[in-house]
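**Student:** All residue numbers for the sequence shown refer to our numbering, where the first residue is 1 and numbers rise by one. Have a look at this one before I ask anything.
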Amino acid sequence: MKSYNKYKKVLGAIVVVLAFMGCSDDWDEHYKTPSLAQGSLWEAISSDTDLSNFARVIKACGYDTTLIGKQVFTVFAPTNAHFSSEDADALIATYQQQKAANIKEKDNLTVKEFLQNHIALYNYSVSSSSNDSIVMMNGKYQVLTSNTFGGESILTSNKAYGNGILFTLDNKVDYFPNIFEAMRKDPDLDSVANFFYSYNKYKFDEAASVPGGIVDGKTVYLDSVVNLENELFRDVGLINSEDSTYWMVLPTNEVWKERFEEYKQYFQYDKSINKRDSLTHANAAMALLRGTVFSRTGNTDASIQDSAFSVNAVPYSSRKYVYGSSEDKYYLYDKPFEAGGVFDGTDNMTCSNGQLMKAFEWNIDKKQSFFQILRAEGENTSRLDSVDKLSTRAPLTYTAVQSKNPFYNKISQNAYASIVPTGTSSNTFAVFNVPGVLSNIGYDIYVVTVPALAGDTLASDVERLPTKFRVRMSYNDENGEPLISRNWITLQGRLETTPDAVDTFKVATNIKVPYCSVGADTPPQVKIILDTRVSNSDVRNGKFNRILRLDCIIFKPHED
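Written out as structure tokens, the structure reads:
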């Protein structure tokens with residue numbers, strides 16, 4: 001495993017300071033503000049010949065008006081000794097090019113990575129015992145000691161002016177990107193970065209902004225705070241946060257292309273789905289990205305050697321509720337550093353909020369992530385499409401398995417549905433939705449039935465009789481139309497339950513559906529149809545009854 005730790009010492013210092021800030025210094029001494037001098041910060045900077053290159057960048061980006069206003073700042077200005085005229089020219093050229101390309105000022109590299117990296121809101125001064133971490137205008141934390149800022153030497157300090165404090169530095173402070181920013185700086189990661197950044201949106205934060213007065217009946221703000229929002233952060237991980245530490249495994253362009261092309265087949269939509277091509281693109285990409293971010297809060301140095309628990313993983317205590325079984329686990333990877341492990345062979349870069357891990361080989365198996373076992377519970381009415389819909393009677397009942405029952409914990413979620421006949425000569429009929437089924441994945445399908453004793457240990461002999469039933473399947477065609485009943489696919493034409501036992505019937509092997517409805521904001525289009533096939537003579541002879549007790553329907557990705 002390779003590692004590029006250019007910023008490791010700085011990051012370590014920030015972490016230490018964040019943990020202990022405010023503990024070592026006397027509050028009053030550390031935060032007292034020096035006597036204010038005449039004039040503004042801009043007047044002080046623009047009149048200092050040693051700061052002429054820094055001043056040119058400020059002026060070119062329009063920050064001269066910012067530093068002459070009423071708002072209070074602390075500025076850390078690099079002197080000309082190690083910030084040359086050529087450096088200033090390059091930054092100004094970048095600013096102008098990105099402005100002409102209509103890139104928002106908040107994202108303009110010269111503003112974000114240079115100017116705002118040297119300017120903080122509010123007054124900060126230092127004493128002989130200073131050792132603090134302050135937040136810059138770009139949201140980055142920088143370590144401020146009695147004689148250094150961001151690891152660079154302070155030449156002069158605590159120069160107070162009418163709207164803030166001025167420090168001068170021996171050199172400019174390098175910008176330290178977080179994981180979200182670092183991915184965009186690496187040409188090997190263009191594909192994943194372009195996808196992530198396409199979801200960027202900015203929202204004005206009125207509460208955090210500084211009002212400056214009323215003009216034409218509208219509030220004018222001295223400082224307008226605009227926050228970045230990206231819905232993928234909620235789904236994948238807060239990799240833009242400067243307040244947490246993460247590791248993230250990212251595919252190179254070659255890996256992205258290979259896996260993305262493969263994963264598209266699993267998210268094919270019929271013609272009735274609006275923007276189906278966009279859904280295919282988004283869901284194939286997300287199938288690649290979910291489970292790639294790891295919070296170091298939950299993954300200690302010791303525990304992550306044994307297993308890596310991504311932010312998308314479900315704790316053991318909740319898996320039965322989420323997946324239907326405590327044994328199902330996804331987005332959690334054993335022995336991540338060993339050969340073939342999720343971290344094996346990655347090229348690592350230390351970032352301001354953790355570590356970016358560039359993967360040239362993709363070691364996340366799809367059966368560890370989005371190829372999941374699906375369970376449609378019989379008692380879950382949200383999965384019920386219809387039950388004997390021509391009947392005026394309610395033919396479906398729900399039963400919870402009590403803790404003292406011998407079948408307790410032998411039935412999924414300890415509950416089941418009984419599909420009951422509507423009359424003495426009627427067979428039962430029910431249609432169940434199966435959500436989450438992907439297209440072109442081979443599934444093995446199981447139907448699990450329950451005995452009468454699971455609901456009542458005193459069930460009568462008639463109630464305990466077995467039943468006979470068949471299993472059929474339906475899904476949408478290319479136009480989004482469900483198969484008509486005569487075209488339903490028969491998975492098993494005749495099955496018999498076992499008296500007083502839980503039965504698991506494998507009704508299909510490696511069966512595929514052509515379209516999915518995952519993420520399409522439409523009802524599930526894959527349906528399993530169950531109906532009993534018991535004759536009147538079977539009932540009269542006391543061999544079978546017509547009650548089908550359904551625990552669950554299971555779709556399990558086929559093992560090749």
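Every residue gets a Cβ at the ideal spot worked out from N, C-alpha and C, and that includes glycine.
1. May I have the straight-line CA-CA distance separating Q355 from L548, to the nearest angstrom?
2. S425 bridges to which residues according to DSSP?
3. Return the chain-ordered list of same chain residues with a C-beta closer than 7 Å to the C-beta of L232, the five sequence neighbours on each side being excluded.
4. State the Cα-Cα distance for the pair V126 and K320, rounded to the nearest angstrom.
5. Closer than 7 Å by C-beta to L155: which residues in its own chain qualify, once you throw out the five before and the five after it? Chain order, please.
6. So, with DSSP's three-state summary, where would you put N476?
7. Anyone know if the C-beta pair for V434 and K527 falls short of 8 Å?
8. How about Y323 and S310: do their beta carbons lie closer than 8 Å?
9. Indicate the three-state DSSP secondary structure (helix, strand or coil) for Y316 in the structure shown.
10. When you compare only the Cα positions, how much space is there between I92 and N102?
11. Could you check where the alpha helix (DSSP H) with R56 kicks off and where it finishes?
12. Quick check for students: name the residue ranges of the alpha helix (DSSP H) that lie wholly in the segment 236 to 299, counting only runs of 4 or more.
13. Hey, how far is the Cα of I553 from the Cα of V471?
14. Residues in its own chain within less than 7 Å of C351 by CB, not counting five upstream and five downstream?
15. Name the residue from S128, L121 and T148 whose alpha carbon lies nearest to the alpha carbon of V135.
16. Label I45 either buried or exposed according to how many other C-beta atoms from any shown protein chain fall within 10 Å of its C-beta, with 16 as the threshold for buried.
17. Should K32 go down as buried or exposed, given a rule of 16 or more other Cβ atoms within 10 Å for buried?
18. Nearest-angstrom Cα distance between R563 and S460?
19. Measure how close the beta-carbons of A359 and V255 come, nearest whole angstrom, since I'm counting them as under 8 Å.
20. Who are the near neighbours of A287 in its chain, counting only those whose CB is closer than 6 Å to its CB and skipping five residues on each side?
21. I need the DSSP call for V192, collapsed to helix, strand or coil.
22. Using a 10 Å radius around the Cβ and a threshold of 16 neighbouring Cβ atoms, would you call I529 buried or exposed?
23. Tell me T490's beta-bridge partners as DSSP assigns them.
24. Given a cut-off of 8 Å, decide if V220 and Y202 are closer than it, judged by their beta-carbon atoms.
25. If we ignore side chains and look at the alpha-carbon of each, how far apart do F555 and T490 end up?
26. Could you check the C-alpha separation between L483 and N476 for me, to the nearest Å?
27. Compare the Cα-Cα distances from S85 to each of S426, S278 and D50 and report the closest residue.
28. Considering only the beta carbon of each residue, do A454 and V518 sit closer than 8 Å?
29. Assign Q96 to one of three DSSP states: helix, strand, or coil.
30. Which stretch, first to last residue, makes up the beta strand (DSSP E) that contains F544?
31. Going straight from the alpha carbon of P211 to that of A302, what length do you get?
32. Helix, strand or coil: which one does DSSP assign to P187?
**Tutor:** So, to answer that:
1. Taking the sequence shown and counting its residues from 1, one reaches residue 355 at position 355. Taking the sequence shown and counting its residues from 1, one reaches residue 548 at position 548. One C-alpha to the other measures close to 54 Å.
2. Along the sequence shown, read from residue 1 onward, the residue named residue 425 stands at position 425. Answer is none; S425 lacks a bridge partner.
3. Position 232 of the sequence shown, counting from 1, holds the residue named residue 232. So the list reads F196 and Y199, once near-sequence residues are dropped.
4. In the sequence shown, counting from the first residue as 1, residue 126 sits at position 126. In the sequence shown, counting from the first residue as 1, residue 320 sits at position 320. In a straight line, the C-alpha of V126 is about 55 Å away from that of K320.
5. Counted from its first residue, the sequence shown places residue 155 at position 155. Counting only Cβ-Cβ distances below 7 Å, and skipping sequence neighbours, we find T79, T168, L169 and D170.
6. By 1-based counting over the sequence shown, the position of residue 476 is 476. Strand.
7. Here residue 434 is taken as the residue at index 434 of the sequence shown, counted from 1. Here residue 527 is taken as the residue at index 527 of the sequence shown, counted from 1. Against a cut-off of 8 Å, the Cβ pair of K527 and V434 comes out as a contact.
8. Counting from 1 along the sequence shown, the entry for residue 323 is found at position 323. Counting from 1 along the sequence shown, the entry for residue 310 is found at position 310. No; because the gap between Cβ atoms is not below 8 Å, this pair is not in contact.
9. Counting from one through the sequence shown, the residue named residue 316 turns up at place 316. Helix at Y316.
10. Reading the sequence shown from its first residue, position 92 is the one you call residue 92. Reading the sequence shown from its first residue, position 102 is the one you call residue 102. If I take the Cα positions, the gap works out to 15 Å.
11. Counted from its first residue, the sequence shown places residue 56 at position 56. Segment S52 to A60, the alpha helix (DSSP H) holding R56.
12. 253 to 263 and 276 to 289
13. Translated into positions along the sequence shown, residue 553 becomes position 553. Translated into positions along the sequence shown, residue 471 becomes position 471. Roughly 11 Å between the two C-alpha positions.
14. Counting from 1 along the sequence shown, the entry for residue 351 is found at position 351. Excluding residues within five positions, the ones whose Cβ falls inside 7 Å are P177, N178, I179 and A182.
15. Taking the first residue of the sequence shown as position 1, residue 135 is located at position 135. The option with the nearest alpha carbon to V135 is L121.
16. As a working note, residue 45 is residue 45 in the sequence shown. The residue is buried, with at least 16 neighbouring Cβ atoms inside 10 Å.
17. Along the sequence shown, one-based indexing puts residue 32 at 32. Because the pLDDT at K32 is just 43, under 50, the model does not fix this residue reliably, and the value given afterwards should be weighed accordingly. Under this definition K32 is an exposed residue.
18. The structure shown has nothing for residue 563, since the chain only spans 1 to 560.
19. Walking along the sequence shown from the start, residue 359 turns up at place 359. Walking along the sequence shown from the start, residue 255 turns up at place 255. 6 Å between Cβ atoms; contact.
20. Working through the sequence shown from its first residue, we reach residue 287 at position 287. Once the five neighbours on either side are set aside, the close Cβ partners of A287 are Y263 and F370.
21. On the sequence shown, residue 192 is found 192 positions in, with the first residue counted as 1. V192: helix per DSSP, three-state reduction.
22. Taking the first residue of the sequence shown as 1, we reach residue 529 at position 529. So I529 ends up on the buried side.
23. Locating residue 490 in the sequence shown gives position 490, where the first residue counts as 1. Answer is R472.
24. Within the sequence shown, the letter at position 202 stands for residue 202. Within the sequence shown, the letter at position 220 stands for residue 220. Not in contact: Y202 and V220 (Cβ atoms no closer than 8 Å).
25. Here residue 555 corresponds to residue number 555 of the sequence shown, with the count starting at 1. Here residue 490 corresponds to residue number 490 of the sequence shown, with the count starting at 1. Using only the alpha carbons, I get a separation of about 16 Å.
26. In the sequence shown, residue 483 corresponds to position 483, counting from 1. In the sequence shown, residue 476 corresponds to position 476, counting from 1. Distance between the alpha carbons of L483 and N476 is about 6 Å.
27. Residue mapping note: residue 85 aligns to position 85 of the sequence shown, counting from 1. Closest option to S85, Cα to Cα, is D50.
28. Against the sequence shown, residue 454 aligns to sequence position 454. Against the sequence shown, residue 518 aligns to sequence position 518. No; because the gap between Cβ atoms is not below 8 Å, this pair is not in contact.
29. On the sequence shown, residue 96 is found 96 positions in, with the first residue counted as 1. In the structure shown, Q96 sits in a helix (DSSP, three-state: H, G or I).
30. Numbered from 1 along the sequence shown, position 544 holds the residue referred to as residue 544. Careful: F544 lies outside any beta strand (DSSP E) and carries neither H nor E.
31. Counted from its first residue, the sequence shown places residue 211 at position 211. Counted from its first residue, the sequence shown places residue 302 at position 302. Each residue's Cα considered, the two are about 49 Å apart.
32. Taking the sequence shown and counting its residues from 1, the one referred to as residue 187 is at position 187. Helix at P187.
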